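A.B. asks: In this note's numbering, the protein residues as written are 11 to 374. The beta-carbon is built from N, C-alpha and C at its ideal position, and this holds for glycine as well. Note that the coordinates shown come from a computational prediction; the quantities given were computed from them, not determined experimentally.
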Amino acid sequence: MRTTRLIALCLAFVTMLSLGVEATAGAAAAAPHAKRTTFTPIGPMDSNVLSMSSDGTIAVGDFIFGGGAFRWEAGKGTTMLGDAGGQISVSRDGTAIVGDAPHHGHLTAAIWRGGTTWKSLGGYAGSQGCPDISNAYAVSNGGKTVVGLGWDGCKASAFRWTKGTGMVSLGSLDGQASRANDISADGSVIVGWDDSPVGERRGAIWVNGTERLLSPSGTFVGSAEAVSANGRVVVGGEASRGLERRQAYRWTANKGVTLLGRFRGTGTGPFGIASALGVTDNGRVIVGFSGGRLRSAFIWTRATGMLKLEDYLRSLGVTGFKGWRLDTATAISGDGTTIAGWGYRPDGHVQSWIVRNLPPFPRA
């Protein structure tokens, strides 16, 4: 069911006011939208979508209790991928999937190319694990570069793997732990976190293997969770200009840190936080979650600020999620028209979902 754009915009404006976020004149410049926006439950019950291809046609994830990697494809449905779990992630071009799979009594980072067989990527030379040997978090286009967490005994550090080099530690700035969470399409930019000497997880970026902190002074930013395809826009959470490090953030080399805020009110509690988990190719639309005991998926643009995804979908006339609580938006397509995540169904079970054919946001 398609509503007129005027009604959708009016409802979105009311939503913004109710959330206490700032609306700008840019929200009134949206272009007409021809396709019907749809909400569809996907994947097995009690599972989380964790990653999606750039075109929004492939989503991957795991059961909430682990050990059940799956792949969903538009028009084809869900395929179970065998004995693997962890932070299941698909490359932007959809050609490779990574996760953690058993190998000689340990879990190691592994890559999937088809069927139910996973190829172990091994670990650091001589490592006996803790007990995992390595854990995969993201993969570049074509499966050429895999990044994640490697274990040297029980000392953890971000790793970069290629077929030519094997698994190589990216190290850390202060000799503490680090982890790589995401990678650009071509593999040249890696983002994640680097522990400070007092245990703070600081947002970090590796460009062609060289590490630096996203914000070494001023506004504190926590773990970097995702990077745009070209490596220029980084998003994450646990950011603040003060001691209350609970906001989602957006970072670029030119403009530094932009705090995206967090939801406040019923269900967030005194310790409510927000974290950004996905970003479009142009860096202008961001998704994630915000809340405390009860969380809500959000969508953010500079023009609209942070909106609850449920409220935004209702403003567009989207149906099919009555009684759901959309907990977390984990991924967004490169063009911003598709969002995937997970939530709680009316019967209380966890279920993954995908929203397709979203209208374009105004440029801001």
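CA-CA distance, residue 318 and residue 135?
C.D. replies: 46 Å
A.B. asks: Can we say the stretch 187 to 194 touches the stretch 147 to 163, given the rule of at least three CB pairs closer than 8 Å?
C.D. replies: yes
A.B. asks: When DSSP labels each residue in this structure, what does residue 222 get in the three-state scheme?
C.D. replies: strand
A.B. asks: Is it right to say residue 284 is buried, meaning 16 or more other beta carbons lie within 10 angstroms of its own, or is it exposed?
C.D. replies: Buried.
A.B. asks: What is the rounded straight-line gap between the Cα of residue 187 and the Cα of residue 237?
C.D. replies: 21 Å
A.B. asks: Helix, strand or coil: how does DSSP classify residue 354 here?
C.D. replies: strand
A.B. asks: Can you give me the Cβ contacts of residue 297 inside the same chain, cut-off strictly under 6 Å, excluding the 5 residues immediately before and after it?
C.D. replies: 288, 309, 339, 342 and 349
A.B. asks: Tell whether a beta-carbon distance below 9 Å holds between residue 218 and residue 250.
C.D. replies: No, the pair does not count as a contact, with Cβ atoms beyond the cut-off.
A.B. asks: Give the secondary structure of residue 83 by DSSP, where H, G and I count as helix, E and B as strand, and everything else as coil.
C.D. replies: strand
A.B. asks: Enumerate, from N- to C-terminal direction, the unbroken alpha helix (DSSP H) stretches of 4 or more residues contained entirely within the stretch 270 to 314.
C.D. replies: Runs of the alpha helix (DSSP H) inside the stretch 270 to 314: none found.
A.B. asks: Taking DSSP as the reference, what is the three-state secondary structure of residue 324?
C.D. replies: helix
A.B. asks: Which term fits residue 316, buried or exposed, when burial requires 16 or more other beta carbons within 10 angstroms of its beta carbon?
C.D. replies: Classification for residue 316: buried.
A.B. asks: Just to confirm before moving on: does the CB-CB distance between residue 179 and residue 204 stay below 9 Å?
C.D. replies: no
A.B. asks: If we count the other Cβ atoms within 10 Å of its Cβ and call it buried at 16 or more, is residue 230 buried or exposed?
C.D. replies: buried
A.B. asks: Does the beta-carbon of residue 107 have 16 or more other beta-carbons within 10 angstroms, so that it is buried, or is it exposed?
C.D. replies: buried
A.B. asks: Going by alpha carbons, who is nearest to residue 363 out of 369, 370, 345 and 329?
C.D. replies: 329
A.B. asks: Can you tell me the Cα-Cα spacing of residue 37 and residue 170, whole angstroms?
C.D. replies: Its pLDDT being 35, under 50, residue 37 is placed unreliably by the model, and the measurement read from it follows with that caveat. Distance between the alpha carbons of residue 37 and residue 170: 41 Å.
A.B. asks: Skipping 5 residues on each side, what residues in its chain have a beta carbon closer than 6 Å to that of residue 31?
C.D. replies: Unreliable placement is indicated for residue 31, whose pLDDT of 34 sits below 50; the coordinate value is still reported in the next sentence. Closer than 6 Å at Cβ, skipping near neighbours: 315 and 316.
A.B. asks: Following the continuous beta strand (DSSP E) through residue 112, name the residue where it begins and the one where it ends.
C.D. replies: 107 to 113
A.B. asks: Identify, in the order they occur along the chain, each residue of the same chain with its Cβ nearer than 6 Å to the Cβ of residue 189, setting aside the five sequence neighbours on each side.
C.D. replies: 159, 168, 202 and 203
A.B. asks: In chain order, what residues of the same chain have a beta carbon less than 6 Å from the beta carbon of residue 113, not counting five sequence neighbours either side?
C.D. replies: 130
A.B. asks: Grab the span of the beta strand (DSSP E) containing residue 51 for me, first residue to last.
C.D. replies: 48 to 55
A.B. asks: Using the C-alpha atoms, what's the distance from residue 248 back to residue 222?
C.D. replies: 18 Å
A.B. asks: How about residue 132 and residue 143: are their beta carbons less than 9 Å apart?
C.D. replies: yes
A.B. asks: Between which residues of its own chain and residue 226 is the CB-CB distance below 7 Å, once the five residues before and five after are set aside?
C.D. replies: Answer for residue 226: no residue qualifies.
A.B. asks: For the beta strand (DSSP E) containing residue 165, name the first residue and the last one.
C.D. replies: 165 to 172
A.B. asks: Out of 293, 140, 326 and 85, which has the shortest C-alpha to C-alpha gap to residue 245?
C.D. replies: 293
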